[in-house]
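Novice: Each number in our numbering comes from the position in the sequence shown (counting from 1) with 4 added on.
Just passing along the structure, written as structure tokens.
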Amino acid sequence: MALLAGLKVKKLSNSTAEVTVPFKFLNKNPFNSIYFAVLTMAAEFSTGILSLMHINKKDKKISMLVVKIDCNFYKKAISKVRFVCSNGDEISQTIEKCIKSKNGEIIKVNSKGFDSNDVCVAEFNFTWSFKLKKVKI
Numbered sequence: 005m006a007l008l009a010g011l012k013v014k015k016l017s018n019s020t021a022e023v024t025v026p027f028k029f030l031n032k033n034p035f036n037s038i039y040f041a042v043l044t045m046a047a048e049f050s051t052g053i054l055s056l057m058h059i060n061k062k063d064k065k066i067s068m069l070v071v072k073i074d075c076n077f078y079k080k081a082i083s084k085v086r087f088v089c090s091n092g093d094e095i096s097q098t099i100e101k102c103i104k105s106k107n108g109e110i111i112k113v114n115s116k117g118f119d120s121n122d123v124c125v126a127e128f129n130f131t132w133s134f135k136l137k138k139v140k141i
């Protein structure tokens, strides 16, 4: 779905991920703005890619799952939107805590979407759950 929508990872570092979604025919609703589901997918992708990156640095198998989403839409998205998540350090610490405690851990992370004029059009808060996978014998 992300490929069809045209999502692109523009930046990925230990602390920050930036994902863009274009304003194109497939993403437009009848009101000539980007579908909320497409915006949600891009926002989740910006938080999830940071999580996957930090999980892949560990030698443990860890599952991840979105358990809650809160969002606010401030303005119609009528141009390319850039989602930024800057919670990479907190995600890394939560994954480390999950490994050490051997318990599931949750974290609330934020992603903000900015239009081509750098105006915030939407803000998402995703609550992610991380849990060590059980070793099969």
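Ideal Cβ placement from N, Cα and C applies to all residues, glycine included.
#1: So what does T131 bridge to, in DSSP terms?
#2: Between the Cα of K137 and those of D63, N31 and K116, spot the shortest distance and give me the residue it belongs to.
#3: State the Cα-Cα distance for the pair E100 and L8, rounded to the nearest angstrom.
#4: Check each candidate in A126, N107, K104 and N91 and name the one with the smallest Cα separation from V113.
#5: Using the rule of at least 16 other Cβ atoms within 10 Å of the residue's Cβ for burial, across every protein chain shown, is M5 buried or exposed?
#6: To the nearest whole angstrom, what separates the beta carbons of V85 and V123, a pair I think is in contact under 8 Å?
#7: Would you say the stretch 46-54 touches the stretch 11-27, given that touching needs at least three Cβ pairs under 8 Å?
#8: Contact check, A46 vs F87 under 8 Å by CB: the rounded distance?
Specialist: This is what the structure gives:
#1: K72 and K112
#2: D63
#3: 34 Å
#4: N91
#5: exposed
#6: Contact between V85 and V123 does not hold, since the beta-carbon distance rounds to 10 Å and is not under 8 Å.
#7: yes
#8: 5 Å
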